[in-house]
């Protein structure tokens with residue numbers, strides 16, 4: 001009862017192929033699926049040392065400006081690990097998804113959620129690293145989504161804004177749906193993926209089984225990353241899902 005599929009009624013432009021035509025402003029694209037690339041807009045932060053007990057406590061809790069700057073920078077690197085390193089076209093072909101903006105969002109959303117699960121392990125209380133990193137990562141995602149949507153339909157800003165609001169509602173519901181699936185067994189996770197990722201239209205249950213295995217293995221991989229390899233110097237490598245068979 002937590003997650004009910006929210007029907008999408010998007011204009012024709014949101015069904016048009018978008019990959020390779022819409023470079024993101026907030027991230028750089030160097031893979032084959034992109035026809036253009038833009039420079040990173042996030043510069044490496046300068047390291048400012050803080051002295052005193054209060055400064056050390058703030059830094060430990062992730063409250064200091066220096067720590068938050070680093071976390072914000074890491075959040076963009078983590079988001080880039082999704083949009084720059086995933087083979088979206090291969091995902092579409094393997095899971096029988098149309099090459100549309102909505103399909104791009106579904107794939108991105110799933111991988112962002114997996115990173116969010118790992119991020120919250122760094123501290124779930126207000127003000128700690130995990131929550132701040134989560135918020136920054138979601139912020140980076142929406143900045144990219146808005147830019148892509150505007151480029152897709154530049155003549156209809158009102159319609160674009162409504163679609164973004166719809167995606168936002170679906171994203172919040174998807175997080176709850178996927179969280180419940182992760183806490184359950186493979187059948188529960190399969191149900192969550194069927195409802196959201198496949199939008200209740202999975203023609204081949206082998207696809208569903210493949211995606212369940214893919215998610216489980218990547219959650220395990222992310223969980224095994226040290227603080228340094230996840231936040232300080234993000235090193236996320238998404239496995240080729242074809243090898244999951």
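Numbering (full-length UniProt numbering), first residue to last: 1 to 245.
Think of the CB as a built atom: it goes at the ideal place given N, C-alpha and C, for glycine as much as any other residue.
Proximity to residue 79 [Cα-Cα], best of 101, 191 and 139 = The residue you call residue 79 lines up with position 79 of the chain shown. For the set 101, 191 and 139, the Cα lying nearest the Cα of residue 79 is the one of 139.
Same chain, Cβ closer than 6 Å to residue 181, five either side skipped, listed in chain order = The residue given as residue 181 occupies position 181 in the chain shown. The residues are 188, 189 and 192.
So, is the C-beta of residue 197 closer than 8 Å to a C-beta in chain B?
-> In the structure shown, chain B cannot be found, because there is only a single protein chain.
What's the gap between the Cα of residue 171 and the Cα of residue 153?
-> The residue you call residue 171 lines up with position 171 of the chain shown. The residue you call residue 153 lines up with position 153 of the chain shown. Computed Cα separation, rounded: 21 Å.
Can you tell me which of 230, 72, 240 and 236 puts its alpha carbon nearest to the alpha carbon of residue 121?
-> For the purposes of this step, residue 121 is identified with residue 121 of the chain shown, where counting begins at 1. With distances taken between CA atoms, residue 121 lies nearest to 230 out of 230, 72, 240 and 236.
Keeping to the same chain, check which residues put their C-beta closer than 7 Å to that of residue 237; ignore five residues upstream and five downstream.
-> As a first step, residue 237 must be located in the chain shown, where it is residue number 237. Within the same chain, residue 237 has no close Cβ partners at all.
For residue 76, count neighbouring C-beta atoms within 10 Å of its own C-beta (all shown protein chains included) and say buried if the count is 16 or more, exposed if not.
-> The residue given as residue 76 occupies position 76 in the chain shown. Residue 76 comes out buried.
Alpha-carbon to alpha-carbon, residue 220 and residue 199 | Residue numbering aside, residue 199 sits at position 199 when the chain shown is read from its first letter. Residue numbering aside, residue 220 sits at position 220 when the chain shown is read from its first letter. Approximately 25 Å, taken between the alpha carbons.
In its own chain, which residues sit with a C-beta less than 8 Å from the C-beta of residue 204, not counting the 5 before and 5 after it?
-> The count along the chain shown starts at 1 and reaches residue 204 at position 204. Around residue 204, the same chain offers 96 as residues with beta carbons nearer than 8 Å, after the five sequence neighbours per side are excluded.
Excluding sequence positions up to five away, which residues of its chain have a Cβ less than 7 Å from the Cβ of residue 167?
-> Locating residue 167 in the chain shown gives position 167, where the first residue counts as 1. For residue 167, where only same-chain residues beyond five positions count, the Cβ hits under 7 Å are 105 and 145.
Pairwise C-alpha distance: residue 94 and residue 137 = As a working note, residue 137 is residue 137 in the chain shown. As a working note, residue 94 is residue 94 in the chain shown. Rounded to whole angstroms, residue 137 to residue 94 spans 27 Å at the Cα level.
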